[in-house]
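Numbering (UniProt numbering), first residue to last: 1 to 307.
By construction, the Cβ of each residue, glycine as well, lies at the ideal position given by its N, Cα and C atoms.
Here the structure comes first, spelled out in structure tokens, and everything after it is commentary.
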Amino acid sequence: MRYILVNKPYEVLTQFTDEQGRATLKDFVDIPNIYPVGRLDYDSEGLVLLTDDKQLQHRLSEPRFKVTKTYWVQVEGVPTEEALENLRRGVDLKTGYTSPAEAKLLTEEPTLWERSKPVRFRASIPTSWIEIRISQGMNRQVRKMTAAVGFPTLRLVRVRIANLKVEALQPGQWRELKESEVKVLTDDMAAQTAAAGTFKTPAKGSEYWPGGVRPASAKPGQNSAGGHKRGGFGGTKTGGPKAGSAAGSRGPNRGGTTFSAKPTGGKAAGGKATPGKTGSKPGPKSAGRGGAGRKPGPAGADRSSRG
1 MRYILVNKPY EVLTQFTDEQ GRATLKDFVD IPNIYPVGRL DYDSEGLVLL TDDKQLQHRL
61 SEPRFKVTKT YWVQVEGVPT EEALENLRRG VDLKTGYTSP AEAKLLTEEP TLWERSKPVR
121 FRASIPTSWI EIRISQGMNR QVRKMTAAVG FPTLRLVRVR IANLKVEALQ PGQWRELKES
181 EVKVLTDDMA AQTAAAGTFK TPAKGSEYWP GGVRPASAKP GQNSAGGHKR GGFGGTKTGG
241 PKAGSAAGSR GPNRGGTTFS AKPTGGKAAG GKATPGKTGS KPGPKSAGRG GAGRKPGPAG
301 ADRSSRG
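Next up, the structure:
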């Protein structure tokens with residue numbers, strides 16, 4: 001098994017091929033059959049773990065195992081304690097609330113390498129650095145979080161994944177993990193797998209909502225995004241107002257009942273049918289004209305079998 005830690009430079013894709021000819025990890029790590037664990041944005045920098053250990057890759061990428069990732073974030077302005085507390089509670093990103101994060105203002109600018117393209121500053125606005133630690137992996141999550149509390153991100157560097165630190169690795173440099181580091185990772189994942197086996201589904205109506213902490217404004221029966229709950233997981237609950245809707249309604253049905261379209265009335269093979277019922281007896285004209293074993297005529301024919 002191979003375990004590679006690489007410091008991904010700015011404007012490099014977290015993959016090994018690109019049809020548009022952009023820089024990828026292959027330009028720095030020429031080792032076959034290894035794959036990144038998770039992703040790091042094109043315009044972000046820092047640690048990426050590469051491995052051919054598919055089991056470990058899955059465990060580290062799986063959100064329920066809550067592998068922590070630490071970022072140093074340069075932002076416009078100086079965040080207030082209220083803004084930091086908002087990050088710690090969880091931020092409303094309109095598509096849902098983030099899970100609570102660890103966030104603190106760094107008192108000094110961290111010692112980092114020069115970025116390949118300098119950060120664009122606005123002379124009238126000071127900048128500062130925040131350390132943010134999260135265990136989620138939403139798309140461009142950290143940038144969205146800082147923007148949501150009023151302090152847009154200028155530079156984003158991942159400096160730690162679980163117990164692995166960037167330390168002396170320069171952009172584009174990589175190293176093999178030590179046996180002790182691999183053991184810590186695999187032991188942690190084994191422990192988290194065992195803990196995950198004891199996970200229980202949240203009770204119906206509990207506070208464990210899909211987007212994290214339920215906002216005070218959420219009404220009973222709604223998740224953080226305003227949708228109906230279903231057993232505490234969001235979506236329409238079985239037996240709710242949308243139960244029994246026409247076929248084609250989205251989402252799995254956890255109640256074990258398949259919802260189908262309400263039968264419609266109409267003429268069957270030229271005869272009369274009682275609205276809302278199936279199996280109606282044919283009218284007197286059905287015999288010999290569109291009856292059993294015969295194709296229905298073009299007028300008044302029952303087309304429900306076309307699917």
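Going by C-alpha positions, glutamine 173 is about 7 Å away from phenylalanine 28. By the C-beta density criterion, lysine 69 is buried, having at least 16 other C-beta atoms within 10 angstroms. In terms of Cβ geometry, threonine 98 and methionine 145 form a close pair [threshold 8 Å]. The Cβ neighbour count for glycine 96, taken over all protein chains shown within 10 Å, is at least 16; the residue is labelled buried.
Rounded to whole angstroms, the separation of the alpha carbons of leucine 156 and phenylalanine 121 is 14 Å.
C-alpha of leucine 185 to C-alpha of alanine 162: approximately 8 Å in a straight line.
Residue range 141 to 148 is occupied by the alpha helix (DSSP H) that includes alanine 147, with no beta strand (DSSP E) assigned at that position. Partner residues in the beta bridge of lysine 69, as assigned by DSSP, are Ile134, Ile161. In the structure shown, threonine 186 falls within a helical segment according to DSSP collapsed to helix, strand and coil. When C-alpha distances from isoleucine 125 are compared across Glu19, Gln74, Glu85, the shortest belongs to Gln74.
Apart from sequence neighbours up to five positions away, the residues of its chain that approach leucine 25 with a beta-carbon distance below 6 Å are Phe16, ordered along the chain. Within the same chain, Gly38, Pro63 come within 7 Å of glycine 137 by CB-CB distance, once the 5 residues on both sides are set aside. Sorting Phe151, Leu164, Arg88 by C-alpha distance to the C-alpha of alanine 103 places Arg88 at the top. A straight-line Cα-Cα distance of about 10 Å links proline 118 and leucine 154.
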